[in-house]
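Here's the structure we're looking at; comments come further down.
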Amino acid sequence: MDLLLRSGRLAGHDEHALFDIGMRDGRIVAIEPAERGIAGSAREVLDLDGRLLCPPLVETHIHLDKSCILDRCRAEEGTLAEAIAEVSAAKRGFDEADVYQRASRTLSRAVTQGTGLMRTHVEVDPGIGLTGFHAVRALAREWDWAIDLEICVFPQEGLLNNPGTEDLLVQALRDGARVLGACPYTDSDPAGQIERIFAIAREHDVDIDMHLDFGDTPEDMWIEHVAEATERHGWGGRVAVGHVTRLSTLPPERLARIGRALAQAGVAVTVLPSTDLYLMGRGRTHDVVRAVTPAHRLLAQGVNCSISTNNVLNPFTPFGDCSLTRMANLYANVCQVGRRDELRACFEMVSSRSARLLRRDGYGIAVGQSADLVLLDCRSTADAVAEIAPAMWGMRRGRRTFTRPSAQLHPPAD
Ligand SMILES: [Zn+2]
């Protein structure tokens, strides 16, 4: 064996038990209870001391192309309208080298937080053209040693109201974008955009991931429309919707009814707590609404959900360290979920459930799988969320991708 990991807890297995894991040629070749151990010698042996080993964390929704632009944007009102206008103006100054450099910075941060699979949403329109797409596509190739990065192209500034956008989206799909996004809430014809997006997705056989609605009142919800369109087009299991903050305004019975429709249609939901908290409720001076969709209530109806970062250091969200355990913790805190089983579910929404949303088979720790692993400094998936456990090291195909040494105390000597 190349590497033997001793006495670790495994996400997705019995977390009370300790296991040994053996690796060879980039694959997991043995998993045994620690008390039994694995026979044979290994070139390197590491004692995990009961810490939690998990597959790489999964970001389903992040914007690498417009990250880290606070140096050139105004972010004073903190409204959605300001964010869209400021980023739209800043985009005119983007070139490939600039996008590449900023996106690299964000990606390296994500990798060192334990993220190993990511869907990034890239803006495509006549203003920016394919500049952001080309930069992020180059980044995906360059960073393949550390992370599996897939691109979803989308029309942030509308589709039907923005001639030329569709041709660019189609070009990007031909040139390597794997997923088609949408943004009906900025379109002059939201229903028309949704229909067009389904038609393009079917033509190019790609999945759909929409920025669906963004508001803190129950008007202008398109979610039932999307569930119906998903069934009509036979696209179940291939559609995700992000934000859908208006769902947070619904009483439990109506939310449950919509949840059942989404589960039935095969539409997944992504909650983006940091951006949603920052941008929503801006019309109020006090008693400010949270507008974070309660994913755990949708899980109870059979909907697959993920929690993700969305924006990093831009007018949509002037925060971000790309830690998905932090994002899961933020969600749990805001949505008041604290039971152990609920915290475990929050961890699944940044790992196994996210991988399912991205339709990745072979995610998880099992014999025969690629040795893609992250060690978290905690003893269970619930603790990972409760304590925002830091990632200590990660590997992809058996090769180390980062290490982060634990903090050390230096008490005075007696
Ligand atoms: Zn987004």
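Our numbering numbers the first residue of the sequence shown as 281 and each following residue consecutively.
Idealized CB from N, CA, C, for every residue including glycine.
- Message: Using CA atoms only, rank isn't needed, just tell me which of 506, 504, 379, 670 is closest to residue 410.
- Response: The residue labelled residue 410 in the question sits at position 130 within the sequence shown. Answer by Cα proximity: 379.
- Query: Candidates 293, 483, 591: which alpha carbon is nearest residue 347's?
  - Reply: Looking up residue 347 in the sequence shown gives position 67. Relative to the Cα of residue 347, the nearest Cα in the group 293, 483, 591 belongs to 591.
- Message: Using only Cβ atoms and a threshold of 6 Å, which residues come within that distance of a heavy atom of ligand 1? Order them by chain position.
- Response: Here the list is 341, 343, 401, 491, 522, 590.
- So residue 458 packs on residue 486, CB below 8 Å; how close in whole Å? If you number the sequence shown from 1, residue 458 lands on position 178. If you number the sequence shown from 1, residue 486 lands on position 206. That belief holds up - the Cβ atoms of residue 458 and residue 486 are roughly 6 Å apart, short of 8 Å.
- Task: Taking residue 607 as part of the alpha helix (DSSP H), name the residues at either end of that continuous run.
- Result: For the purposes of this step, residue 607 is identified with residue 327 of the sequence shown, where counting begins at 1. Element bounds for residue 607: 604–614.
- Run of the alpha helix (DSSP H) containing residue 432, from where it starts to where it stops: Within the sequence shown, numbered from 1, the residue matching residue 432 stands at position 152. Where residue 432 is concerned, there is no enclosing alpha helix (DSSP H), although the beta strand (DSSP E) it sits in stretches over 428–434.
- State the CB to CB distance for the pair residue 496 and residue 546, rounded to an integer number of angstroms; the pair is presumed to be in contact (CB under 8 Å). Here residue 496 is taken as the residue at index 216 of the sequence shown, counted from 1. Here residue 546 is taken as the residue at index 266 of the sequence shown, counted from 1. Not quite, the Cβ-Cβ distance comes to about 27 Å (not below 8 Å), so this is no contact.
- Task: Determine which residues share a DSSP beta bridge with residue 398 and list them.
- Result: Walking along the sequence shown from the start, residue 398 turns up at place 118. 339, 429, per the DSSP bridge assignment.
- Evaluate residue 605 with the Cβ neighbour count: other Cβ atoms within 10 Å of its Cβ, from every protein chain shown; 16 or more gives buried, anything less gives exposed. In the sequence shown, residue 605 corresponds to position 325, counting from 1. It counts as buried.
- Does the distance from the C-beta atom of residue 307 to that of residue 678 stay below 8 Å? Here residue 307 is taken as the residue at index 27 of the sequence shown, counted from 1. Here residue 678 is taken as the residue at index 398 of the sequence shown, counted from 1. In contact: residue 307 and residue 678 (Cβ atoms closer than 8 Å).
- Spatial neighbours of residue 612 within its chain, please: CB distance less than 8 Å, with the 5 preceding and 5 following residues excluded, ordered by chain position. Position 332 of the sequence shown holds residue 612. Only 618, 622, 623, 626, 665, 666 meet the Cβ criterion.
- Item | Reduced DSSP secondary structure (H/G/I, E/B, other) of residue 626 | For the purposes of this step, residue 626 is taken as residue 346 along the sequence shown, with counting starting at 1. If DSSP states are grouped into helix, strand and coil, residue 626 belongs with the helices.
- Got a sec, what are the start and stop residues for the alpha helix (DSSP H) residue 538 sits in? Taking the sequence shown and counting its residues from 1, one reaches residue 538 at position 258. Note, residue 538: alpha helix (DSSP H), 532–545.
- chain D within 8 Å of residue 476, Cβ atoms only: Looking for chain D here will not work: only one protein chain is present.
- DSSP state of residue 296 mapped onto helix, strand, coil: Translated into the one-based positions of the sequence shown, residue 296 becomes position 16. Three-state DSSP puts residue 296 in coil, outside helix and strand.
- Message: With H, G and I counted as helix, E and B as strand and the rest as coil, what does DSSP make of residue 403?
- Response: For this step, residue 403 is matched to residue 123 along the sequence shown. DSSP places residue 403 in strand when its eight states are reduced to three.
- Kindly examine ligand 3 and report whether one of its heavy atoms sits closer than 7 Å to the Cβ of residue 648. Ligand 3 is absent from the structure shown, which contains only ligand 1.
- Specify, as a first and last residue, the run of the beta strand (DSSP E) that residue 523 falls within. Translated into the one-based positions of the sequence shown, residue 523 becomes position 243. 519–523 is the span of the beta strand (DSSP E), which, as asked, contains residue 523.
- Query: Start and end of the alpha helix (DSSP H) containing residue 480?
  - Reply: As a first step, residue 480 must be located in the sequence shown, where it is residue number 200. Start and end: 470–484.
- Task: State the DSSP-derived secondary structure class of residue 333, mapped to helix, strand or coil.
- Result: By 1-based counting over the sequence shown, the position of residue 333 is 53. Residue state, collapsed to three classes: strand.
- Message: For the alpha helix (DSSP H) containing residue 384, name the first residue and the last one.
- Response: In the sequence shown, residue 384 corresponds to position 104, counting from 1. Where residue 384 is concerned, the enclosing alpha helix (DSSP H) stretches over 376–392.
- Message: Taking 7 Å as the limit between beta carbons, can you name the residues of its chain near residue 524, skipping five residues before and five after?
- Response: Residue 524 sits at position 244 when you count from the first residue of the sequence shown. Around residue 524, the same chain offers 492, 493, 503, 549, 573 as residues with beta carbons nearer than 7 Å, after the five sequence neighbours per side are excluded.
- Whole-Å CB distance - residue 501 paired with residue 522, under 8 Å assumed: In the sequence shown, counting from the first residue as 1, residue 501 sits at position 221. In the sequence shown, counting from the first residue as 1, residue 522 sits at position 242. Actually they are not in contact, since the Cβ atoms of residue 501 and residue 522 sit about 14 Å apart, beyond 8 Å.
- Following the continuous alpha helix (DSSP H) through residue 645, name the residue where it begins and the one where it ends. In the sequence shown, counting from the first residue as 1, residue 645 sits at position 365. No alpha helix (DSSP H) contains residue 645, which DSSP labels as neither H nor E.
- Query: Does the Cβ-Cβ distance between residue 512 and residue 488 come in under 8 Å?
  - Reply: The residue you call residue 512 lines up with position 232 of the sequence shown. The residue you call residue 488 lines up with position 208 of the sequence shown. Cβ atoms of residue 512 and residue 488: not closer than 8 Å.
- Message: On the DSSP letters alone, give me the boundaries of the alpha helix (DSSP H) that residue 349 sits inside.
- Response: Position 69 of the sequence shown, counted from the first residue, corresponds to residue 349. No alpha helix (DSSP H) holds residue 349; DSSP gives it neither H nor E.
- Message: When you compare the CB positions of residue 394 and residue 440, do they come within less than 8 Å of one another, or not?
- Response: The count along the sequence shown starts at 1 and reaches residue 394 at position 114. The count along the sequence shown starts at 1 and reaches residue 440 at position 160. In this structure, the beta-carbon distance from residue 394 to residue 440 does not fall below 8 Å.
- Drop a sphere of 10 angstroms on the beta-carbon of residue 329, count the other beta-carbons inside from all chains shown, and report buried for 16 or more, exposed for fewer. The sequence position of residue 329 within the sequence shown is 49, counting from 1. By the neighbour-count rule (16 or more Cβ atoms within 10 Å), residue 329 is not buried but exposed.
- Hey, out of 570, 424, 594, whose CA is closest to residue 680's CA? Against the sequence shown, residue 680 aligns to sequence position 400. It is 424.
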